[in-house]
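Student: Please read through the structure below; I'll follow up with questions.
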Amino acid sequence: MAKLDVIIAPDPRLKRACKPVVRVDARVRRIMDDMLETMYAAPGIGLAAPQVGVFERVIVVDPARADEPPRPWQLANPVILWASDEMSIYNEGCLSLPNHWADVERPARVRVRYLDRDNEIRITEADGLLATCIQHEMDHLDGVLFVDRISALKRGIILRRLAKTRKTAAEKAAVPH
Ligand code: GNR
Ligand code: NI
């Protein structure tokens with residue numbers, strides 16, 4: 316397994332729509348495993364392939380808390396078959412928007428169809444943090460970040476701060492003192 320670099324916003328690669336996986340084979344399983352390693356190292360509770368520069372419809376999630384046994388999920392070509400009318404709000408973060416959080420409202424429960432790591436079709440129902448996380452990761456596959464689901468004012472503040480943080484880091488790297 317290998318830990319991969321996570322792309323930080325603003326970056327046009329995070330706005331790309333991803334292609335479906337044709338078949339979950341050894342190549343895709345390796346991407347899934349590298350993504351889980353990257354997610355646990357971060358640490359994060361989810362990761363989408365485009366965040367590590369792979370523009371295919373693959374996501375991993377593990378909503379287990381630190382004091383619980385790991386519950387890794389690896390999904391290819393996830394599709395939402397049903398979403399509840401009931402909504403829930405979570406304070407979301409994103410490994411591509413480090414150090415920024417915002418409340419995001421999404422359906423509280425979803426039924427999702429996907430291919431598992433053995434290329435088998437599965438259908439599962441999720442609620443709570445798992446439901447939120449799956450929807451957050453699926454958004455990434457369509458080039459959507461959680462900041463696209465909050466006010467333009469808050470989005471602008473977060474994206475400008477990230478651009479400034481990157482500029483400061485680049486200047487420090489270029490001019491050592
Ligand atoms: O680590 C993460 N935490 C998180 C918290 C609330 C809602 C969604 C998430 S996903 C995020 C990791 C990430 O960026 N996935 O794309
Ligand atoms: Ni994210």
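According to our numbering, the sequence shown is numbered sequentially starting from 316.
Each residue gets a CB set at the ideal place from its N, CA and C atoms; glycine is no exception.
Between the Cα of Leu-456 and the Cα atoms of Asp-348, Ala-356, Ala-391, Asp-320, which residue gives the shortest distance?
Tutor: Here residue 456 refers to the residue found at position 141 of the sequence shown. Of the candidates Asp-348, Ala-356, Ala-391, Asp-320, the one whose C-alpha sits nearest the C-alpha of Leu-456 is Ala-391.
Student: Let me check understanding here. Comparing Cα to Cα, which of Gln-450, Ile-473, Ala-488 lies closest to Arg-372?
Tutor: Here residue 372 refers to the residue found at position 57 when the sequence shown is read from its first residue. Checked all of Gln-450, Ile-473, Ala-488; the closest Cα to Arg-372 is Gln-450.
Student: Quick check on the burial criterion: 16 or more other C-beta atoms within 10 angstroms. Buried or exposed for Met-350?
Tutor: In the sequence shown, counting from the first residue as 1, residue 350 sits at position 35. Its Cβ being crowded by 16 or more others within 10 Å, Met-350 is buried.
Student: So is Pro-365 buried or exposed if we call it buried at 16+ other beta carbons inside 10 Å?
Tutor: Locating residue 365 in the sequence shown gives position 50, counting from the first residue. Buried is the call here.
Student: What are the start and end residues of the beta strand (DSSP E) that includes Ala-259?
Tutor: Nothing about residue 259 can be read from this structure; the chain reaches only from 316 to 492.
Student: Do you know offhand how far Asn-406's Cα is from Ala-341's?
Tutor: Taking the sequence shown and counting its residues from 1, the one referred to as residue 406 is at position 91. Taking the sequence shown and counting its residues from 1, the one referred to as residue 341 is at position 26. The straight-line gap from Cα to Cα measures roughly 35 angstroms.
Student: Roughly how many angstroms lie between the CA atoms of Val-427 and Ser-466, to the nearest whole one?
Tutor: The count along the sequence shown starts at 1 and reaches residue 427 at position 112. The count along the sequence shown starts at 1 and reaches residue 466 at position 151. If you take the alpha carbons of Val-427 and Ser-466, they lie about 28 angstroms apart.
Student: Taking three-plus beta-carbon pairs below 8 angstroms as touching, is the segment 434-448 in contact with the segment 477-490?
Tutor: no
Student: Using 8 angstroms as the cut-off, classify the Cβ of Thr-353 as near or not near the heavy atoms of the ligand GNR, replying yes or no.
Tutor: What you label residue 353 is simply residue 38 of the sequence shown in a count that begins at 1. Because no heavy atom of the ligand GNR lies under 8 angstroms away, the Cβ of Thr-353 does not count as near it: no.
Student: Give me whichever residues DSSP pairs with Val-373 in a beta bridge.
Tutor: Residue numbering aside, residue 373 sits at position 58 when the sequence shown is read from its first letter. Note: Val-373 sits in a beta bridge opposite Ala-391.
Student: Quick check: what's the CA-CA separation for Gly-359 versus Val-425?
Tutor: Taking the first residue of the sequence shown as 1, we reach residue 359 at position 44. Taking the first residue of the sequence shown as 1, we reach residue 425 at position 110. Spanning the two alpha carbons is a distance of roughly 21 angstroms.
Student: Any chance you could list the residues with Cβ under 6 angstroms from a heavy atom of the ligand NI, keeping chain order?
Tutor: Cys-409, Leu-410, Ser-411, His-451, His-455
Student: Just to confirm, does Asn-434 get its C-beta within under 8 angstroms of one of the non-hydrogen atoms of the ligand GNR?
Tutor: Taking the sequence shown and counting its residues from 1, one reaches residue 434 at position 119. Here the distance from the Cβ of Asn-434 to the nearest heavy atom of the ligand GNR is not below 8 angstroms.
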